[in-house]
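Number of protein chains: 2
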Amino acid sequence: MKIICSRNSLLKSLNISMRAVPSHTTMDILECILIDASSNILKFITNDMDLGIETIVEGHIEEKGIAAIDAKIFYEIIRKLPDNDVRIVVDENFNTTITCEKARFQISARSGEDFSYLPIVDRDRCITISQFTLKELIRQTIFSISAGDSNPLMTGELFEIRSNILRVVSLDGHRISMRIIHLEKDYENEKVIIPGKSLVEMSKILSGEIDETVTLYFSDNHVLFELENTMVVSRLIEGEYFRIDQMISNEYDTKITVNKKDFMDCIDRSSLLVRESEKKPLIMRVSDDQMDLLMDSSMGRMNEEIDIVKEGKDILIGFNPRYFNDALRVINDEEITVFMVNPKAPCFIKDEKGSYFYLILPVNINQNQYA
Amino acid sequence: MKIICSRNSLLKSLNISMRAVPSHTTMDILECILIDASSNILKFITNDMDLGIETIVEGHIEEKGIAAIDAKIFYEIIRKLPDNDVRIVVDENFNTTITCEKARFQISARSGEDFSYLPIVDRDRCITISQFTLKELIRQTIFSISAGDSNPLMTGELFEIRSNILRVVSLDGHRISMRIIHLEKDYENEKVIIPGKSLVEMSKILSGEIDETVTLYFSDNHVLFELENTMVVSRLIEGEYFRIDQMISNEYDTKITVNKKDFMDCIDRSSLLVRESEKKPLIMRVSDDQMDLLMDSSMGRMNEEIDIVKEGKDILIGFNPRYFNDALRVINDEEITVFMVNPKAPCFIKDEKGSYFYLILPVNINQNQYA
Numbered sequence: 001m002k003i004i005c006s007r008n009s010l011l012k013s014l015n016i017s018m019r020a021v022p023s024h025t026t027m028d029i030l031e032c033i034l035i036d037a038s039s040n041i042l043k044f045i046t047n048d049m050d051l052g053i054e055t056i057v058e059g060h061i062e063e064k065g066i067a068a069i070d071a072k073i074f075y076e077i078i079r080k081l082p083d084n085d086v087r088i089v090v091d092e093n094f095n096t097t098i099t100c101e102k103a104r105f106q107i108s109a110r111s112g113e114d115f116s117y118l119p120i121v122d123r124d125r126c127i128t129i130s131q132f133t134l135k136e137l138i139r140q141t142i143f144s145i146s147a148g149d150s151n152p153l154m155t156g157e158l159f160e161i162r163s164n165i166l167r168v169v170s171l172d173g174h175r176i177s178m179r180i181i182h183l184e185k186d187y188e189n190e191k192v193i194i195p196g197k198s199l200v201e202m203s204k205i206l207s208g209e210i211d212e213t214v215t216l217y218f219s220d221n222h223v224l225f226e227l228e229n230t231m232v233v234s235r236l237i238e239g240e241y242f243r244i245d246q247m248i249s250n251e252y253d254t255k256i257t258v259n260k261k262d263f264m265d266c267i268d269r270s271s272l273l274v275r276e277s278e279k280k281p282l283i284m285r286v287s288d289d290q291m292d293l294l295m296d297s298s299m300g301r302m303n304e305e306i307d308i309v310k311e312g313k314d315i316l317i318g319f320n321p322r323y324f325n326d327a328l329r330v331i332n333d334e335e336i337t338v339f340m341v342n343p344k345a346p347c348f349i350k351d352e353k354g355s356y357f358y359l360i361l362p363v364n365i366n367q368n369q370y371a
Numbered sequence: 001m002k003i004i005c006s007r008n009s010l011l012k013s014l015n016i017s018m019r020a021v022p023s024h025t026t027m028d029i030l031e032c033i034l035i036d037a038s039s040n041i042l043k044f045i046t047n048d049m050d051l052g053i054e055t056i057v058e059g060h061i062e063e064k065g066i067a068a069i070d071a072k073i074f075y076e077i078i079r080k081l082p083d084n085d086v087r088i089v090v091d092e093n094f095n096t097t098i099t100c101e102k103a104r105f106q107i108s109a110r111s112g113e114d115f116s117y118l119p120i121v122d123r124d125r126c127i128t129i130s131q132f133t134l135k136e137l138i139r140q141t142i143f144s145i146s147a148g149d150s151n152p153l154m155t156g157e158l159f160e161i162r163s164n165i166l167r168v169v170s171l172d173g174h175r176i177s178m179r180i181i182h183l184e185k186d187y188e189n190e191k192v193i194i195p196g197k198s199l200v201e202m203s204k205i206l207s208g209e210i211d212e213t214v215t216l217y218f219s220d221n222h223v224l225f226e227l228e229n230t231m232v233v234s235r236l237i238e239g240e241y242f243r244i245d246q247m248i249s250n251e252y253d254t255k256i257t258v259n260k261k262d263f264m265d266c267i268d269r270s271s272l273l274v275r276e277s278e279k280k281p282l283i284m285r286v287s288d289d290q291m292d293l294l295m296d297s298s299m300g301r302m303n304e305e306i307d308i309v310k311e312g313k314d315i316l317i318g319f320n321p322r323y324f325n326d327a328l329r330v331i332n333d334e335e336i337t338v339f340m341v342n343p344k345a346p347c348f349i350k351d352e353k354g355s356y357f358y359l360i361l362p363v364n365i366n367q368n369q370y371a
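Written out as structure tokens, the structure is:
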């Protein structure tokens with residue numbers, strides 16, 4: 001195999017391919033990048049068995065062939081080369097020579113015979129959205145997946161399509177994050193659970209441009225994300241997702257509207273006094289036109305008043321401040337509205353047009369202590 | 001005690017004071033910052049027993065007093081406050097209230113009776129240089145102190161004054177770094193060893209401005225750095241420093257001049273193939289007008305030619321590439337000159353005007369293998 005590519009086009013493709021190279025694995029071949037120059041199109045393929053990426057590389061094939069190279073070393077070499085043409089030659093014994101200007105690297109490659117190619121996903125069930133939208137949907141929900149493996153369903157996100165509505169949901173047992181967007185046309189109903197890890201990597205590959213699109217193809221076990229020169233395939237999580245609609249209610253006894261930045265700054269300050277191990281709740285004391293925020297820990301005490309607009313009953317309720325901040329951070333509105341029922345029932349943050357819904361469970365507090 | 005300061009002036013002073021707060025200690029009081037409002041000047045004092053800092057804080061004292069507050073919590077609180085006036089009130093039981101706009105923190109302070117004030121350093125033996133110069137001197141030598149405690153002398157830097165010359169030296173057994181500057185006037189001879197850790201912290205406090213000065217006062221056990229509003233006192237390392245002049249020679253058999261950036265890029269690339277544990281040498285094969293750099297490791301092989309100007313004999317010599325890069329990184333010249341004697345003798349990099357001198361010991365290599 002003989003190929004010539006500019007250092008920058010190699011690096012551009014590698015930045016995508018590296019997303020599916022595991023940092024630790026017992027299978028050597030997964031740490032490799034497959035350079036596929038067997039046709040007229042040069043491709044890099046990586047696959048960590050959860051996520052597989054195939055991306056087209058700009059360059060010139062002088063002699064066809066296939067080789068698997070240790071991805072990390074290859075990436076480091078390309079990264080450190082000057083910005084000029086790079087020539088990669090692999091001989092019949094898979095000795096690989098990489099030259100650029102006066103620098104010459106010799107490393108060994110492998111045949112790639114044992115490499116796992118991407119699973120085939122039929123291209124019949126799909127939706128197309130902008131890369132910006134998908135990147136935002138992931139960012140605005142990914143924080144409330146569960147890291148632990150106690151329940152595999154919680155480590156992924158529900159992507160649910162009902163005619164022209166896409167709903168993305170994540171939950172970890174303490175909170176639910178939901179984002180809803182309208183699609184440009186009607187699609188068939190779909191319901192898949194995509195691993196959170198795949199979505200994190202995918203969001204790093206997405207350009208974030210509104211005028212670039214991504215198409216998602218669904219099969220029973222996989223989802224394929226198709227970009228202009230790149231295909232990303234992720235396995236799906238098996239099982240029936242939680243019945244979200246049963247957990248969501250629109251009833252409330254207290255409704256408060258508050259400036260998001262003031263609220264966040266205050267939560268931020270209250271968190272100073274909480275050590276990770278302590279799990280002290282942030283107390284919210286809601287009365288007419290004013291919310292008193294209170295934090296009491298072994299380190300000290302903080303309180304602060306915030307102006308609000310209130311409808312309904314007064315309430316004294318406690319929350320894990322981090323859960324509130326996680327949700328507020330990804331809401332783009334200047335003012336947010338929080339709906340509460342009682343000190344033991346979940347509260348929810350949602351907008352009028354129904355584009356987001358964040359549910360947070362309160363922490364049990366001694367009502368008398370703060371009355 | 002009652003004081004009022006702007007949040008930004010508190011933060012500015014804290015950023016200096018925090019440099020002498022240890023991250024781990026068994027003595028609680030060292031984790032505190034002493035707020036000294038006992039006179040008309042408001043001061044913050046911190047002291048980790050190696051390094052002590054006293055800095056003047058801009059602000060208004062309403063009621064005099066002294067209190068010691070947990071430095072980390074205090075710093076975090078101030079950092080998260082809005083940019084406005086901050087009022088700090090400590091009552092007779094050392095309950096401390098910090099208020100800013102509507103935010104109110106209550107934490108406990110201590111009397112500070114057991115606080116260690118800064119040692120007194122007589123102001124008779126001193127030199128004055130620009131903050132920029134001191135910052136540069138530290139940056140250009142600090143990398144070759146020894147981290148280990150095998151020999152305490154190696155964990156510090158020699159500051160040696162001989163009439164109008166200041167020489168700063170560090171060494172770790174594999175290399176020596178030396179910087180020489182001319183002072184504006186003649187001073188008495190001094191020879192002190194300042195702990196590397198103190199210099200690292202000091203260089204973060206220095207502004208890096210040419211027109212701001214720092215005065216160093218020397219006593220038998222301490223050095224005092226005096227800036228406009230800040231005093232930093234460091235203990236000195238006891239003992240007789242190594243006899244540097246005996247280690248330095250000006251004789252050579254090979255002299256090469258090379259473009260610094262080309263040389264560094266090439267060393268950088270060769271280091272890719274070296275795992276931390278392997279310690280593979282970088283081979284330099286010097287012949288007329290050309291130097292061949294070669295790296296051979298379990299991961300692969302790299303070689304590259306660089307143009308040089310050579311005087312004297314050909315040579316084949318091996319080095320730890322990191323030691324070379326560390327020195328080249330802090331030399332501001334575009335071209336550098338390396339002097340070599342033989343494959344087992346130290347090489348040195350120095351400039352004509354004698355402002356720097358870097359000595360590096362070679363690694364033993366099998367001459368036949370690379371001949």
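Heads up: the protein sequence lines correspond to chains A and B, in order. So for the first sequence, my numbering puts the first residue at 1; every next one is plus one. So for the second sequence, my numbering puts the first residue at 1; every next one is plus one. Think of the CB as a built atom: it goes at the ideal place given N, C-alpha and C, for glycine as much as any other residue. In this text the structure is predicted, and so the values were computed from the model without any measurement.
Just mark K204/A as buried or exposed, buried being the case when its beta carbon has 16 or more other beta carbons within 10 Å.
Label assigned to K204/A: exposed.
### Presumed contact (8 Å Cβ cut-off) between S39/B and I66/B, rounded CB distance
S39/B to I66/B, Cβ: 10 Å. No contact.
* To do: Output, in chain order, the set of chain B residues within a Cβ distance shorter than 8 Å of R301/A.
  => F105, Q106 and I107
Using a Cβ cut-off of 8 Å (strictly closer), state whether D351/A contacts chain B.
no
**Asked** Checking contacts by CB at 8 Å: is I193/B closer than that to chain A?
**Response** no
Looking at chain A, which residues of the region 67–89 of chain B have a Cβ within less than 9 Å of any of its Cβ atoms? D70, I73, E76, I77, R79, K80, L81 and P82
**Q.** Exposed unless 16 or more other CB atoms sit within 10 angstroms - verdict on Q290/A
**A.** exposed
Q) Counting contacts by CB-CB distance shorter than 8 Å, is L372/A in contact with chain B? A) Outside the modelled stretch of chain A, which goes from 1 to 371, sits residue 372/A, for which no answer is possible.
message: Less than 8 Å between CB atoms is the rule here; does E304/A satisfy it with respect to chain B?
response: yes
- Query: Taking C-beta to C-beta, are I308/A and M340/A nearer than 8 Å?
  - Reply: no
*Kindly indicate if chain B contains any beta-carbon less than 8 Å away from that of K102/A.*
True, the Cβ-Cβ gap to chain B drops below 8 Å.
- [ ] Go ahead and label Y356/A buried or exposed: buried means 16 or more other beta carbons lie within 10 angstroms of its beta carbon, across all protein chains shown.
- [x] buried
R285/B: contacting residues in chain A (beta-carbon distance under 7 Å)
Residues of chain A passing the Cβ test: none, with the nearest at roughly 14 Å.
*Pick from E136/B, L183/B, V192/B and T128/B that is closest to T155/B, judged by C-alpha positions*: V192/B
* **Rounded C-alpha distance that separates V233/A from R87/A** => 29 Å
Legend entry - Rounded Cβ spacing between I365/B and I283/B (contact assumed at less than 8 Å): 6 Å
Which residues in chain B sit within 9 Å of L417/A, going by Cβ to Cβ distance?
Any question about residue 417/A goes unanswered here, given that chain A covers just 1 to 371.
**OP:** Taking M247/B as the reference, give the member of S198/B, V169/B and L199/B with the closest Cα.
**Re:** Out of S198/B, V169/B and L199/B, V169/B has the C-alpha closest to the C-alpha of M247/B.
Excluding the five sequence neighbours on either side, which residues of its own chain have a C-beta within less than 6 Å of the C-beta of L137/A, listed in chain order? Sequence-distant Cβ neighbours of L137/A in its own chain, meaning closer than 6 Å and more than five residues away, are V168 and R179.
**Q.** Within chain A, the residues that D268/B reaches when beta carbons sit closer than 9 Å
**A.** Taking the beta carbon of D268/B as reference, the chain A residues within 9 Å of it are K80, listed in sequence order.
(message) Three or more C-beta pairs under 8 Å: does that hold for the region 113–129 of chain A against the region 218–229 of chain A?
(response) yes
Would you say V90/A and C5/A are within 8 Å of each other, going by their C-beta atoms? Taking the C-beta atoms as reference points, C5/A is found no nearer than 8 Å to V90/A.
Practice problem: Compare the beta carbon distance of S270/A and M302/A with 8 Å and say whether it is the shorter of the two. | Solution: yes
Practice problem: Mark D288/A as exposed unless 16 or more other C-beta atoms lie within 10 angstroms of its C-beta, in which case mark it buried. | Solution: exposed
Next on the checklist: Rounded to the nearest angstrom, what separates M27/B and K72/B at their Cα positions?
Outcome noted: The alpha-carbon of M27/B is positioned some 15 Å away from that of K72/B.
Report the residue from E184/A, I306/A, I161/A and F105/A whose alpha carbon sits nearest the alpha carbon of I267/A. I306/A
Using DSSP bridges, identify the partner residues of N47/A. G52/A
### Query
In angstroms, rounded to a whole number, what distance separates the CA positions of V286/B and F74/B?
58 Å
Checklist entry - Where in the region 89–163 of chain B do unbroken runs of the beta strand (DSSP E), each at least 3 residues long, occur, reported from the N-terminal end onward? => result If we require 3 residues or more, the beta strand (DSSP E) runs fully inside the region 89–163 of chain B come out as 95–100, 103–108 and 126–130.
Taking C-beta to C-beta, are Q131/B and S207/B nearer than 8 Å?
-> yes
For G59/A and F159/A, what's the separation of their Cα atoms in angstroms? Their Cα atoms are separated by approximately 36 Å.
Q.
At the level of alpha carbons, what is the spacing between I244/A and R19/B?
A. 51 Å
Bridge-paired residues (DSSP) for R285/A:
D292/A and L316/A
>> Tell me which residue opens and which closes the alpha helix (DSSP H) that F324/B is part of.
In response: P321 to R329
*Taking the continuous alpha helix (DSSP H) assigned at G400/B, which residues delimit it?*
Lying outside 1 to 371, the shown extent of chain B, residue 400/B is not represented and no answer is given.
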